[in-house]
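> Below is the structure I would like to discuss, written out as structure tokens.
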Amino acid sequence: MLRETVCIYVVDDDVLYCSALAHYLSLNPDYKVRTFHSAKDLKASLHENPDIITLDYSMPDTKGEDLLGLIMQESPETKVIIISGQEDIKVAIDLFKKGAHDYIQKDADTQQRLWMAIQNLRETIELKKEVESLKKEVEKKYDFQHSIIGNSTAIKKIFALMEKAISTNITVSITGETGTGKELVAKSIHFNSERKKHAFVPVNVAAIPRDLLESELFGHEKGAFTGAANRRIGKFEEAHNGTLFLDEIGEMDLSMQAKLLRALQEKEITRIGSNEIVKVNVRIIVATHRNLQEEIAKGNFREDLYYRLLGLPIALPPLRDRENDILLIAKYFIDQFCKENKLGKKHLSLEAKHKLISYSFPGNIRELKSLVELACVMSEEEEINEEHLQIYLTPVKSLTYGTGNYTLREYMRKLIQQYLDEYDYDVLKVAGKLDVGKSTIYRMINSQQLKVSKRKIDA
Amino acid sequence: MKKLYNIEAILKTHYGDQDFVKSMAELFIEHLPEMSTELQKASAKKDWNNLYFYAHKMKASIDLFSIESLTDVIRKLEKQAKAATDSNTLKQDVNYVADIINACVAQIKNDFALA
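Rendered as structure tokens:
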């Protein structure tokens, strides 16, 4: 990895000492060193935000502590190492309090010690830069125009709703079948909102035992119940100023729902076993795959909580209703998987595309992802064929007799096609099952009304 | 005459860079006589602040060039100035520093063939 250059200012009114230090530091080719002999000169160059300043405490034109204060004000990112000929602990402590990073005495070992100090600082600086770039990457990752893929009108409506959710603090309730991307939508809303600098705290209500949920959400004091050996901060407090994502909210039991409602209404919580009330500022996003209105009718979900949580409802469409998007998303996952696993570029064959589109995807995008990833592994060549797509469930998109304006001929074709798919393209068997002549089927295959897998034709 | 200074230490920390040592020698000739004059002026006026300031500053350069005959004297002066106490050896000490510095400058000029 190419290391970045570190810009160092050496400030010392002693010309000799200053050039000795500067020369010593510049032995490292990564260091860009400049020297300053007066506070005035330094002030004029501070706006360039050097990474590190080594500062002589006793400058003739300004007091060391004032100069330090000025540096911290003008260029707060700069790390200041004080170099002093005086041996005064009190002064050193004062300077540390004012923001100095290190304090080194002028003596025979100064240069070596400074070298070490700068090496350490440099690591810190590099880590800081790395954290910043990673942060940006996270933001990019959840830039939903990139992370949520689709061109269908259904998904465009979702984008519009998300834009609204991002610009406000409104509670968001996300519904959708399993695997439609509820958590991804929640994360995208958080990382694009003003709360992105604070925590995104996901809680899967279904995954936490009933009895522990309260302590998980609100925290507890030491000794609040058997096993509460330590004080614990709850998820609400963890998400202060950020976003709390309550997944599978429909699984919450009624007594907990009452406590949650109170917390949401009062915007405050009490840790279990504590009298202290803690104010929290949390944005709530909830998700469920259940139909909450049905749950209310059954008496499993509190109506008042439902209205409190409803906020901006976002109903994610199942993948089968986004037909155009299936191929887009499949392509995205294939490209991503091949890149991550250093496979060459792969693409779907026409038959494979057809197979994907006609499948119902009960597991939605999650299922699509694992399906195409497996296909990438199974296919040896560039092209992913339909036999690589291992759909184990019977194609659920069965003929819905009675709906759809099909002619009798179309019904017949579809029915035979379905039987062919089911019986592995064994024409004789299908002919027997459907009680039609095998030549009828062969004729339809030859006129390409029916599709059979390549394998069988070759055989 | 006995050699008053020693550049071994500088050479060592700067990995035997002769050019650099020469540039340091030039800086020494340029700045140290001026500093010792200021030291004399301050002591004559009993200006303890300036006396401390110059003694402190010269200390670093004296250590850098390992001028052993001044190691203790310059520290004594620095301490004395900080405490702002007069003594009957003050003038003598300051003049001794000036003499040694001048002798060093002459030696360095000679050794590095500097004007």
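These protein sequences, in sequence, are chains A and B.
Counting in the numbering used here, the first sequence runs from 1 upward without gaps.
Counting in the numbering used here, the second sequence runs from 1001 upward without gaps.
Even for Gly, the Cβ is constructed at its ideal location relative to N, Cα and C.
1. If I'm right that L350/A touches L319/A with Cβ under 8 Å, what's the distance once you round it to whole angstroms?
2. Who are the neighbours of L967/B on chain A, taking C-beta pairs under 8 Å?
3. Starting from H37/A, find everything on chain B with Cβ-Cβ shorter than 7 Å and list it in chain order.
4. Among residues of its own chain, excluding the 5 on either side of P317/A, which ones have a beta-carbon nearer than 6 Å to its beta-carbon?
5. With 8 Å as the C-beta to C-beta threshold (strictly closer), list the residues of the stretch 1038-1057 of chain B near chain A in chain order.
6. What residues in the stretch 31-62 of chain A bring their beta carbon closer than 8 Å to a beta carbon of chain B?
7. Measure the C-alpha to C-alpha separation of G166/A and H240/A and round it to an integer number of angstroms.
8. Within 10 angstroms of its Cβ, does A1106/B collect 16 or more other Cβ (buried), or is it exposed?
9. How would you list, in chain order, the residues of chain B whose beta-carbon sits under 7 Å from the beta-carbon of K106/A?
10. Please tell me whether I8/A and Y31/A are closer than 7 Å, where the distance is taken between their beta carbons.
11. With H, G and I counted as helix, E and B as strand and the rest as coil, what does DSSP make of T243/A?
12. What separation, rounded to the nearest whole angstrom, lies between the Cα atoms of I457/A and V427/A?
13. Is I272/A near H220/A, with beta carbons less than 7 Å apart?
14. Would I8/A pass as an interface residue toward chain B - the criterion being a Cβ-Cβ separation below 7 Å?
15. With a 10 Å radius around its C-beta and 16 neighbouring C-beta atoms as the bar for buried, classify A297/A as buried or exposed.
16. From what residue to what residue does the alpha helix (DSSP H) around F200/A run?
17. Could you check if T288/A is buried or exposed, using at least 16 other CB atoms within 10 Å of its CB as the buried criterion?
18. Taking one C-beta from the stretch 1055-1070 of chain B and one from the stretch 62-79 of chain A each time, how about it: are there three or more such pairs within less than 8 Å?
19. Could you compute how far the alpha carbon of K331/A sits from the alpha carbon of H347/A?
20. Using only the alpha-carbon positions, how far apart do V10/A and R34/A sit?
21. Using beta carbons (cut-off 7 Å, strictly below), is Q85/A in contact with chain B?
22. Output, in chain order, the set of chain B residues within a Cβ distance shorter than 8 Å of Y24/A.
23. Put A22/A into one of helix, strand or coil per three-state DSSP.
24. If you draw a straight line from the alpha carbon of K345/A to that of F337/A, how long is it in whole angstroms?
25. Please report the distance separating the alpha-carbon of E381/A from that of R322/A.
26. So, with DSSP's three-state summary, where would you put R232/A?
27. Does chain A have any CB closer than 7 Å to the CB of N1112/B?
28. Can you list, in chain order, the residues of its chain with a C-beta nearer than 6 Å to that of A206/A? Leave out the 5 residues immediately preceding and following it.
29. Kindly confirm or deny that the stretch 1024-1031 of chain B and the stretch 418-434 of chain A touch, where touching means at least three C-beta pairs closer than 8 Å.
30. Under a Cβ-count criterion, where at least 16 other Cβ atoms within 10 Å of its own Cβ denotes burial, should N192/A be classed as buried or exposed?
31. Going by beta carbon distance, what residues of the same chain come within less than 8 Å of K1059/B, once the five residues before and after it are set aside?
According to the data block:
1. Along the first sequence, read from residue 1 onward, the residue named residue 350/A stands at position 350. Along the first sequence, read from residue 1 onward, the residue named residue 319/A stands at position 319. With a Cβ gap of about 20 Å, L350/A and L319/A do not count as contacting.
2. Outside the displayed range of chain B (1001 to 1115) lies residue 967/B, so it cannot be described from this structure.
3. Along the first sequence, read from residue 1 onward, the residue named residue 37/A stands at position 37. Ordered by position in chain B, no residue passes the 7 Å Cβ test against H37/A, which lies about 11 Å from the chain.
4. The sequence position of residue 317/A within the first sequence is 317, counting from 1. By the criterion of a C-beta distance shorter than 6 Å, P317/A is surrounded in its chain by A154, once the five residues flanking it on both sides are discounted.
5. F1053, H1056, K1057
6. For the stretch 31-62 of chain A, which is checked against every Cβ of chain B, the residues closer than 8 Å are S58, P60.
7. Translated into positions along the first sequence, residue 166/A becomes position 166. Translated into positions along the first sequence, residue 240/A becomes position 240. Looking at the sequence provided, one finds Ile at residue 166/A rather than Gly. Going from the Cα of I166/A to the Cα of H240/A covers about 17 Å.
8. Taking the second sequence and counting its residues from 1, the one referred to as residue 1106/B is at position 106. Exposed is the call here.
9. On the first sequence, residue 106/A is found 106 positions in, with the first residue counted as 1. Ordered by position in chain B, the residues that pass the 7 Å Cβ test against K106/A are A1060.
10. Within the first sequence, residue 8/A is the residue found at index 8, counting from 1. Within the first sequence, residue 31/A is the residue found at index 31, counting from 1. In this structure, Y31/A lies closer than 7 Å to I8/A by Cβ.
11. Taking the first residue of the first sequence as position 1, residue 243/A is located at position 243. Note: T243/A maps to strand in three-state DSSP.
12. For this step, residue 457/A is matched to residue 457 along the first sequence. For this step, residue 427/A is matched to residue 427 along the first sequence. Note on I457/A: pLDDT 43, under 50, position unreliable in the model; the coordinate value appears next. Between I457/A and V427/A, the C-alpha separation is close to 11 Å.
13. Start at 1 with the first residue of the first sequence, and residue 272/A comes out as number 272. Start at 1 with the first residue of the first sequence, and residue 220/A comes out as number 220. A contact, by the Cβ cut-off of 7 Å.
14. Within the first sequence, residue 8/A is the residue found at index 8, counting from 1. No - not a single Cβ of chain B is within 7 Å of the one on I8/A.
15. One-based indexing of the first sequence puts residue 297/A at position 297. It counts as exposed.
16. In the first sequence, residue 200/A corresponds to position 200, counting from 1. It is not in any alpha helix (DSSP H) - F200/A instead sits in the beta strand (DSSP E) that spans 200-204.
17. Residue mapping note: residue 288/A aligns to position 288 of the first sequence, counting from 1. Looking at its Cβ environment, which holds 16 or more other Cβ atoms inside 10 Å, T288/A is buried.
18. Segments in contact, no.
19. Along the first sequence, read from residue 1 onward, the residue named residue 331/A stands at position 331. Along the first sequence, read from residue 1 onward, the residue named residue 347/A stands at position 347. If I take the Cα positions, the gap works out to 7 Å.
20. Within the first sequence, numbered from 1, the residue matching residue 10/A stands at position 10. Within the first sequence, numbered from 1, the residue matching residue 34/A stands at position 34. Approximately 6 Å, taken between the alpha carbons.
21. On the first sequence, residue 85/A is found 85 positions in, with the first residue counted as 1. What sits at residue 85/A in the sequence shown is Gly, not Gln. Yes, contact with chain B.
22. As a first step, residue 24/A must be located in the first sequence, where it is residue number 24. Residues of chain B passing the Cβ test: T1013, H1014.
23. Residue numbering aside, residue 22/A sits at position 22 when the first sequence is read from its first letter. If DSSP states are grouped into helix, strand and coil, A22/A belongs with the helices.
24. Stepping through the first sequence from its first residue, residue 345/A is reached at position 345. Stepping through the first sequence from its first residue, residue 337/A is reached at position 337. Their Cα atoms are separated by approximately 10 Å.
25. Sequence index remark: in the first sequence, residue 381/A carries index 381 (1-based). Sequence index remark: in the first sequence, residue 322/A carries index 322 (1-based). Spanning the two alpha carbons is a distance of roughly 29 Å.
26. Your numbering for residue 232/A matches position 232 in the first sequence. Three-state result, R232/A: strand.
27. Along the second sequence, one-based indexing puts residue 1112/B at 112. Here residue 1112/B turns out to be Phe, not Asn, going by the sequence shown. By this cut-off, F1112/B is not an interface position.
28. Taking the first residue of the first sequence as position 1, residue 206/A is located at position 206. Only E248, E251 meet the Cβ criterion.
29. no
30. For the purposes of this step, residue 192/A is taken as residue 192 along the first sequence, with counting starting at 1. Label assigned to N192/A: buried.
31. Here residue 1059/B is taken as the residue at index 59 of the second sequence, counted from 1. Once the five neighbours on either side are set aside, the close Cβ partners of K1059/B are I1074, R1075, E1078.
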